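When we follow the numbering used here, the leftmost residue of the sequence shown carries the number 7, and every step to the right adds one. Please read the structure below before turning to the comments.
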Amino acid sequence: MEDRVFIFDTTLRDGEQSPGCSMNFEEKIRMARQIQLLCVDVIEAGFPISSVGDFESVRLIAEKIKTCTVAALARAVKADIDRAWEAIREAAKPRIHIFIATSDLHLKYKLKKSREQVLKDAIWAVQYAKSLCDDIEFSCEDASRSDIIYLCEIVEATIKAGATIINLPDTVGYAIPDEYGAMFRMIRERVPNIGSAVLSSHCHNDLGLAVANSIAAIQNGARQVECTINGIGERAGNASLEEIVMALKVRKDICNYYTDINVSEIYNTSRMVSGFTGMIVQPNKAIVGENAFAHESGIHQDGMLKNKQTYEIMTPESVGVNKTKIVLGRHSGRHGLKVRLNELGYHVTESEIKKVYEAFLELADKKKEVFDDDLRVLMGDEIFKEEELYELEYMHVNAGTNTIPTATVRIKTKENALQESSTGDGPVDAVFNAIERALGIKPTVESYNVRSVTSGRQALGESIIRIRSGENSFTGRGTSTDIIEASAKAFLQAINQYLIFTNTKIELTENGIAIK
Ligand code: KIV
Ligand code: ZN
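Structure, rendered in structure tokens:
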């Protein structure tokens, strides 16, 4: 008989916390709804103690999500557990997820605690969390580099204390499949009460082995896998949900397990994550990359025409990739737009559709043909963005061969507008200089990218910029059919993030600008 594998999605926690992947409040709620539609078993919504914003989004997700368990992360300390519980207590199915490091390396250098002390902390934390919530997951951070005897001891003790799920992460993506699988086998063989808990895997992709390690864990007794859509996450990312799920499905002949995932929602969910985070999916990415189902060579095309199975191990349709492109235009009605958005996983209310339709018509005027990817960008960037401190109201650029590029920008603030001009090494540099002069700040640009996100010569251009201030970096994203405007919007959004983070307020004074 086939065994069920539970899917624990941590896109909104381990995924979202990594650089360049942040989502705003509205985007997180929409994302959680889409992940629910994908039918995952658990949504890890965030780490409530980490910020007020994270707490609020976990709380709202817990309130809105009805069919999945909603988990909140906490360190093994009272303040974290209380905050996590406060955020998820209204959920239909709440789970507190506690973690503490178990490797000697982490104990010595990070926690500066003995094994005995960590064991005590873990037992106490699980017991305390259990007094609040029935469903308790306990994670041994850096399990794959921990001493197996100590690992068995802490696993046994935390199950006794009330943990129902035991997660053994490969936190730094160091393990190889045989080794990671063996750890699960040993835990099952050596921990007497292991039958009272579900074993879980959580793999990072530093060596590109996260999915292979997750499958090895399943083959050795894990019945929950932790993963993210598109594999987003810290450093090289987490194990990719879509790859694990499809590997189990396509290779059922040797992996006789099933998940409850609604695989036809995979593609929509992947595009939504990419649209909201601005994290580009590499074209050759398995399952959801643009080329995942493209057949270029003559021999392959010939084989495909004769029998698709020659070069296709799953159909694009099975994961929700629609090969027939549906095109909308300026004559498309509001109803048609709403239906298409629904099919793409975006559920807009009657009051929202008015705003969406206006933005759609504006885009259709510029582009004539509006493709699905245009709609995704529209939904991701323009419609539900949160109110910004500073917004680009107007921009004029003069550039060309043998001319000095100059730019003028007007930036709308809550109370008034700031206007400035500047020259630069190119049109983008001129715009950035003008923005910096208007706001009186000069951030370090760490990375700057421009790409086309939709098709055709009138494609929407997307710009992603990362700026740095000390330890922290801030990402901004902007789209437009004009890539200089897209860059200006992205730069301003990154600055907004930075200013919100530092609580800096720019005010006009008699002699210019003051930063408070
Ligand atoms: O990678 C890791 O160890 C984690 C834990 C907090 C579960 O993300
Ligand atoms: Zn992790």
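Just so it is clear, CB atoms sit at the ideal spot from N, CA and C, and this is done for glycine as well. None of these values were measured; they are calculated from a predicted model.
Under 8 Å between C-beta atoms of residue i and residue j
i: Thr460; j: Asp371; result: no
i: Thr234; j: Asp20; result: yes
i: Ile193; j: Val231; result: no
i: Glu62; j: Ala107; result: no
i: Glu143; j: Arg101; result: yes
i: Tyr396; j: Leu445; result: yes
i: Asn274; j: Leu350; result: yes
i: Ala216; j: Asn199; result: no
i: Ala440; j: Arg472; result: no
i: Ala85; j: Ile55; result: yes
i: Gly335; j: Lys374; result: yes
i: Val204; j: Asn236; result: no
i: Gln42; j: Thr16; result: no
i: Ala494; j: Leu398; result: yes
i: Ile470; j: Ala496; result: yes
i: Pro411; j: Thr429; result: yes
i: Arg354; j: Val345; result: As written in the sequence, residue 354 is Val, which differs from the Arg given in the question. No, Cβ-Cβ distance for Val354 and Val345 is not below 8 Å.
i: Arg457; j: Ile286; result: yes
beta-carbon residue i near the ligand COA non-hydrogen atom, thresh 7 Å
i: Asp20; result: Ligands present in the displayed structure are limited to the ligand KIV and the ligand ZN, and the ligand COA is not among them.
Same chain, Cβ closer than 8 Å to residue i, neighbours up to 5 away in sequence not counted
i: Val251; result: Ile13, Thr265, Ile267, Val269, Ile272
i: Tyr180; result: Ser150, Arg151, Asp212, Leu213
i: Arg229; result: Asp9, Arg10, Val11, Phe12, Val204, Leu205, Ser206
i: Leu498; result: Glu394, Tyr396, Glu397, Leu398, Ile417, Ile441, Gly482, Gly484
i: Ser120; result: Leu113
i: Asp140; result: Thr170
Spatial neighbours of residue i in its chain, beta-carbon cut-off 6 Å, leaving aside the 5 residues before and after
i: Cys261; result: Leu254
i: Ala167; result: Ile129, Val132, Gln133
i: His208; result: Asn173, Pro175, Glu232
i: Ser202; result: Ile165
i: Arg65; result: Ala93
i: Leu138; result: Trp91
i: Phe105; result: Ser145, Glu147
i: Asn226; result: Gly187, Phe190, Arg191
i: Leu424; result: Ile417, Ala444
i: Gly284; result: Ile470, Arg483
i: His103; result: Ala77, Leu79, Glu143
DSSP three-state assignment for residue i, whether helix, strand or coil
i: Ala98; result: coil
i: Phe507; result: helix
i: Arg346; result: helix
i: His341; result: helix
i: Leu334; result: strand
i: Ala218; result: helix
i: Val362; result: helix
i: Ile286; result: coil
i: Cys158; result: helix
i: Glu147; result: strand
i: Val327; result: coil
i: Ser57; result: coil
i: Ile142; result: strand
i: Thr355; result: coil
i: Ile224; result: helix
i: Ile171; result: strand
i: Gly26; result: coil
i: Val376; result: strand
i: Ser31; result: The residue you asked about is not Ser; residue 31 is Phe in the sequence shown. It is helical.
i: Gln499; result: helix
i: Met189; result: helix
i: Ile524; result: In the structure as shown, the chain starts at 7 and stops at 522, and residue 524 therefore has no counterpart that could be examined.
i: Phe438; result: helix
i: Leu125; result: helix
i: Met320; result: coil
Identified DSSP bridge partners for residue i
i: Arg10; result: Tyr264
i: Val415; result: Met401, Glu426
i: Asp176; result: Cys209
i: Asp15; result: Ile49, Cys233
i: Ile470; result: Asn455, Arg483
i: Leu79; result: His103
i: Val256; result: Val256 pairs with nothing; no bridge assigned.
i: Asn244; result: His210
i: Thr450; result: Arg474
i: Val204; result: Ile171
7 Å Cβ shell around residue i - same chain, five flanking residues per side excluded
i: Ala292; result: Glu249, Ala298
i: Leu369; result: Val376, Asp380, Leu384
i: Leu18; result: Lys34, Met37, Ala38, Ile49, Glu50, Ala51, Gly52
i: Glu491; result: Met401
i: Gln307; result: His301
i: Phe282; result: Met29, Glu33, Met37, Gly386
i: Val327; result: Tyr273, Phe299
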